[in-house]
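K.L.:
108 is the number of the first residue of the sequence shown in my numbering; add one for each residue after it. Heads up, the beta-carbon is just placed ideally off N, CA and C, and yes, glycines get one too.
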Amino acid sequence: MRHLLNTTEFSRDEVLEMINLGMAMKANPENYRQTLAGKSVVTLFEKQSLRTRVTFDVGLYRLGGHAVYMDQHNGVMGKRESIKDYACNLSRWCDGIVARVYDHKTLLELSRYGTVPVINALCNLYHPCQVLADYMTIMENYDDITKVKLAYFGDGNNMTHSLLITGAILGSSVAAVCPKGEGPDAAIFNMAAEIAKKSGAKLVVTDRVEDVRGYDVAYTDTWVSMGDNTPLEEVKDRFMPYQVNQKLLDDTGIRHVLHCQPAHRGYEITDEVMDGPASIIYDEAENRLHAQMAVMATLFNQGNK
Ligand code: CP
Ligand code: NVA
Numbered sequence: 108m109r110h111l112l113n114t115t116e117f118s119r120d121e122v123l124e125m126i127n128l129g130m131a132m133k134a135n136p137e138n139y140r141q142t143l144a145g146k147s148v149v150t151l152f153e154k155q156s157l158r159t160r161v162t163f164d165v166g167l168y169r170l171g172g173h174a175v176y177m178d179q180h181n182g183v184m185g186k187r188e189s190i191k192d193y194a195c196n197l198s199r200w201c202d203g204i205v206a207r208v209y210d211h212k213t214l215l216e217l218s219r220y221g222t223v224p225v226i227n228a229l230c231n232l233y234h235p236c237q238v239l240a241d242y243m244t245i246m247e248n249y250d251d252i253t254k255v256k257l258a259y260f261g262d263g264n265n266m267t268h269s270l271l272i273t274g275a276i277l278g279s280s281v282a283a284v285c286p287k288g289e290g291p292d293a294a295i296f297n298m299a300a301e302i303a304k305k306s307g308a309k310l311v312v313t314d315r316v317e318d319v320r321g322y323d324v325a326y327t328d329t330w331v332s333m334g335d336n337t338p339l340e341e342v343k344d345r346f347m348p349y350q351v352n353q354k355l356l357d358d359t360g361i362r363h364v365l366h367c368q369p370a371h372r373g374y375e376i377t378d379e380v381m382d383g384p385a386s387i388i389y390d391e392a393e394n395r396l397h398a399q400m401a402v403m404a405t406l407f408n409q410g411n412k
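1) Identify, in the order they occur along the chain, each residue of the same chain with its Cβ nearer than 7 Å to the Cβ of VAL223, setting aside the five sequence neighbours on each side.
2) How big is the Cα-Cα spacing for LYS408 and VAL316?
3) Please list, in chain order, all residues of the same chain as ASP164 whose beta carbon is under 6 Å from its beta carbon, the five residues on each side excluded.
4) When DSSP labels each residue in this structure, what does HIS234 get in the three-state scheme?
5) Considering only DSSP beta bridges, list what GLU216 is partnered with.
6) When the distance is taken between beta carbons, is LEU157 closer than 9 Å to GLN350?
7) What are the start and end residues of the beta strand (DSSP E) that includes ASN227?
8) Quick one: grab the DSSP three-state call for MET132.
9) Where does LEU151 sit, in a helix, a strand or coil, going by DSSP?
10) Let me check you understand the geometry: is the CB of MET333 closer than 8 Å to at least one non-hydrogen atom of the ligand ADP?
11) Of the residues LEU217, VAL122, HIS371, which one's Cα is nearest the Cα of THR329?
12) What are the boundary residues of the beta strand (DSSP E) that SER280 is part of?
13) Compare the C-alpha of GLY185 against each of THR162, THR213, TYR168, CYS195 and name the closest.
14) Can you tell me which residues form a DSSP beta bridge with ARG160?
15) How many angstroms separate the CA atom of CYS285 from the CA atom of TYR259?
The following block contains the structure:
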């Protein structure tokens with residue numbers, strides 16, 4: 108039974124296969140209307156969402172399947188009943204579990220006790236579905252992914268971790284440009300660096316924006332992630348040198364900008380950049396749909412192969 112929890116479950120060829128399938132689904136959606144016919148998937152959300160919730164629901168419908176949305180109003184997972192019992196019950200009715208959770212350990216428990224594939228729809232440590240859509244968007248703009256250099260600016264968080272891991276798998280270089288003390292988790296960086304040794308990707312952590320001159324793609328995300336109640340105003344001064352604005356693009360020569368969204372305009376990104384010619388941010392958001400359809404087609408059909 109295969110899951111998508113942090114992307115290390117997949118080889119380079121398998122990640123590329125999913126991205127290519129997402130592109131094929133985007134180009135010819137009519138060919139995939141029955142791919143998950145008759146399948147039901149529960150989508151569990153402990154945290155808020157716009158893109159992930161809508162794209163999983165619409166994606167399942169487009170593949171002929173059915174989404175059962177669960178937020179925490181019907182009982183907080185692990186409180187009304189154990190995560191183990193959640194997983195055991197859901198596995199008897201559904202063909203897959205998509206879950207957005209506070210703690211990565213919840214996903215490990217769901218996958219350990221459930222008997223259906225589990226997809227991580229964001230946790231404290233990773234956001235693998237987002238990054239598949241991100242690399243799909245990059246591949247729409249660049250012919251050779253191994254030559255692309257991506258610079259992530261801001262807080263070393265779940266996005267940073269998934270970019271480092273997936274970049275490493277694909278052989279595509281990633282720099283995390285973060286204020287001192289705000290970089291990615293060291294153990295996760297080391298895990299990505301091990302993978303990068305095989306693929307040839309160059310992974311860097313730095314607090315100096317000038318280190319990414321000549322990079323191709325800028326990526327940014329909120330300076331304060333869900334689950335952390337620190338007001339943005341409190342961290343603003345510390346993170347402002349890493350804001351993705353026109354000057355940063357001019358200074359580095361970076362030509363394309365990504366943001367997973369939700370964006371905090373005027374904080375990690377300016378209006379000028381978000382709405383400007385370098386932004387491929389709404390293509391990226393659209394690609395959540397296609398990339399996740401490919402992930403679901405791959406994982407939720409395992410028994411049929
Ligand atoms: N990027 C992303 O996951 O957006 P949502 O939080 O709105 O799902
Ligand atoms: N780092 C952000 C990503 C949102 C899609 C968060 O976890 O809130």
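P.N.:
So, to answer that:
1) SER198, CYS201, ASP202, GLY203, ILE204
2) Reading off the sequence shown, one finds Asn at residue 408, where the question assumed Lys. Distance between the alpha carbons of ASN408 and VAL316: 44 Å.
3) ALA174
4) coil
5) DSSP, once it has assigned bridges, lists no residue as partnering GLU216.
6) no
7) 225-227
8) helix
9) strand
10) Looking for the ligand ADP in the displayed structure turns up nothing; the ligands present are the ligand CP and the ligand NVA.
11) HIS371
12) 280-284
13) THR213
14) Bridge partners of ARG160: none, in fact.
15) 8 Å
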